[in-house]
Amino acid sequence: MTHPATTTPRAGRRGIRIPGTGSVARLLLAGGLSLVVVVVAGVQLGAVDLTWSQVWSGLTGDSSQHVQRVVFELRLPRTLTGALIGVHFALSGWLLQLLSRNPLAEAGILGISAGASLVAVVAFIIGDWVVSSADPYNNTSFALQYLPLFAMAGGLVTALAVYFLGMRHGQLSPVKMTLTGAVIAGMLHALTTGALAFWGHAHTELVAQWLAGSLYGSQWQHLRTLLPWTAIGLVGVALLVRPLEVMQLDDQHVRTLGLGLNRWRAFALLIATLLAASAVGVVGPVGFIGLLIPHISRRLAGANLPVQLVLCVLLGAVLAVLADLLGRTLFTPYEVPVGVVSAVLGVPFFLYLLSRQP
Numbered sequence: 012m013t014h015p016a017t018t019t020p021r022a023g024r025r026g027i028r029i030p031g032t033g034s035v036a037r038l039l040l041a042g043g044l045s046l047v048v049v050v051v052a053g054v055q056l057g058a059v060d061l062t063w064s065q066v067w068s069g070l071t072g073d074s075s076q077h078v079q080r081v082v083f084e085l086r087l088p089r090t091l092t093g094a095l096i097g098v099h100f101a102l103s104g105w106l107l108q109l110l111s112r113n114p115l116a117e118a119g120i121l122g123i124s125a126g127a128s129l130v131a132v133v134a135f136i137i138g139d140w141v142v143s144s145a146d147p148y149n150n151t152s153f154a155l156q157y158l159p160l161f162a163m164a165g166g167l168v169t170a171l172a173v174y175f176l177g178m179r180h181g182q183l184s185p186v187k188m189t190l191t192g193a194v195i196a197g198m199l200h201a202l203t204t205g206a207l208a209f210w211g212h213a214h215t216e217l218v219a220q221w222l223a224g225s226l227y228g229s230q231w232q233h234l235r236t237l238l239p240w241t242a243i244g245l246v247g248v249a250l251l252v253r254p255l256e257v258m259q260l261d262d263q264h265v266r267t268l269g270l271g272l273n274r275w276r277a278f279a280l281l282i283a284t285l286l287a288a289s290a291v292g293v294v295g296p297v298g299f300i301g302l303l304i305p306h307i308s309r310r311l312a313g314a315n316l317p318v319q320l321v322l323c324v325l326l327g328a329v330l331a332v333l334a335d336l337l338g339r340t341l342f343t344p345y346e347v348p349v350g351v352v353s354a355v356l357g358v359p360f361f362l363y364l365l366s367r368q369p
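As structure tokens, this is what we get:
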């Protein structure tokens with residue numbers, strides 16, 4: 012008798028569709044083209060719209076100083092930084108959802124972003140005190156390159172707390188994990204607000220804008236700070252693809268196959284936290300990208316995890332750049348932070364998913 016899984020190349024585990032080679036190529040091509048379009052739009056559009064010829068002249072240096080500054084110093088680093096943070100949050104959400112088998116898992120909902128934000132704000136405050144004590148006339152801000160490290164420490168402690176508190180009878184409970192993360196996130200947000208109120212400093216407005224998840228003022232320095240963590244995260248995710256495929260089976264079955272379940276879960280949690288918290292350390296918490304994009308990728312790619320991974324990279328970048336573009340063009344000359352726009356897009360989707368949970 013023929014095994015059901017072998018009756019068609021499009022049948023996957025649990026009856027989930029696996030797209031054929033042609034469909035995968037079309038999906039990836041569409042994702043790549045979408046990313047190119049939004050990046051070009053991100054560089055062209057703004058308070059002052061530019062033509063494509065002006066953009067090209069600004070990139071090649073064959074333009075006026077004003078156009079070159081707008082293109083190369085303002086919009087291009089902002090757009091590329093937005094694309095990277097979209098990749099970070101999308102892959103983090105994808106890993107957390109696979110790790111916990113929880114479709115509602117995401118760095119913001121589970122409190123990881125809140126933990127990263129709190130430690131980053133504390134680092135801001137302590138750094139400001141240290142600098143002010145050493146030289147009261149020095150207005151130098153806290154070094155940007157250190158923020159991802161502090162944010163990752165806060166995010167990792169929070170992730171571990173949510174993971175272990177989400178256990179029930181030795182098994183990870185998706186509902187308990189989500190509720191625990193929501194409670195811890197609320198507590199950490201309150202502590203962050205209290206820390207800012209206690210600080211009472213002139214930089215509070217700038218930090219508050221950062222906490223809203225803003226790409227305003229993003230420069231090449233932000234991109235350089237984020238790139239090493241992007242590379243580490245991508246390597247880590249690539250190493251996790253095969254173990255994650257096995258980990259979708261029942262825990263007892265996974266152990267019989269000889270996979271070190273706890274070791275790989277810990278590694279997946281570390282990489283997910285590294286991706287989300289490093290992005291928080293650079294641009295602040297941006298919610299719901301890690302919730303939307305993994306679901307869209309699974310819907311398009313079926314059970315094919317490698318294709319899901321690539322789609323998360325492409326679509327995460329697309330959504331972040333698009334959200335930032337909408338935030339700075341819809342209400343010109345005012346700007347809406349990318350974190351606010353992504354929340355407006357993500358909350359209805361989250362409520363829809365929540366309504367479908369048993």
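Position one of the sequence shown corresponds to residue 12 (my numbering), numbered consecutively onward. The beta-carbon is built from N, C-alpha and C at its ideal position, and this holds for glycine as well.
Within a 10 Å sphere around the beta-carbon of residue 261 sit fewer than 16 other beta-carbons, which makes this residue exposed. Annotation for residue 80: no alpha helix (DSSP H) segment contains it, and DSSP assigns it neither H nor E. Here residue 232 carries a helix assignment [DSSP, helix/strand/coil]. Separation of the CB atoms of residue 195 and residue 172 is rounded to 6 Å, and the pair is thereby assigned contact status at 8 Å. Burial of residue 188 is indicated by the presence of at least 16 other C-beta atoms within 10 angstroms of its C-beta.
Taking a cut-off of 8 Å on C-beta distances, the region 341 to 355 touches the region 285 to 304, as three or more cross pairs fall below it. Between residue 110 and residue 310, the CB-CB gap reaches or exceeds 8 Å.
Sixteen is the threshold: since fewer than 16 other Cβ atoms of the shown chains lie within 10 Å of the Cβ of residue 84, the residue is exposed. Within the model, the alpha-carbon separation for residue 66 versus residue 76 is close to 12 Å. Here residue 182 carries a strand assignment [DSSP, helix/strand/coil]. Counting along the chain, no alpha helix (DSSP H) covers residue 113, and no H or E run does either. Here residue 72 is not near residue 305, since their CB atoms are 8 Å or more apart. With a threshold of 16 other beta carbon atoms within 10 Å, residue 60 falls short and is exposed. Taking all protein chains shown into account, residue 108 has 16 or more neighbouring C-beta atoms within 10 Å of its C-beta and is therefore buried. Note on residue 137: under 16 other CB atoms within 10 angstroms of its CB, so exposed under the neighbour-count rule. Listed in chain order, the non-local C-beta contacts of residue 325 below 8 Å within the same chain comprise 39, 42, 43, 45 and 46, local neighbours out to five positions each way being set aside. C-alpha of residue 272 to C-alpha of residue 184: approximately 16 Å in a straight line. Residue 40 carries a helical assignment under DSSP once its states are collapsed to helix, strand and coil. Per DSSP, the unbroken alpha helix (DSSP H) holding residue 284 starts and ends at 272 to 294. Excluding the 5 residues flanking it on each side, residue 265 has same chain C-beta neighbours closer than 8 Å at 257, 258 and 272, in chain order. Looking at the backbone, the Cα of residue 220 and that of residue 254 are separated by about 39 Å.
One Cα belongs to residue 114, the other to residue 80, and the distance between them is close to 43 Å. Taking a cut-off of 8 Å on C-beta distances, the region 276 to 290 touches the region 91 to 101, as three or more cross pairs fall below it.
The continuous alpha helix (DSSP H) containing residue 363 extends over residues 349 to 366.
Per DSSP, reduced to three states, the secondary structure at residue 220 is helical.
DSSP places residue 100 in the helix class (H, G or I) of the three-state scheme. Each residue's CA atom was taken as its position, placing residue 286 and residue 117 some 12 Å apart. By the CB criterion at 8 Å, residue 127 and residue 162 fall inside the cutoff.
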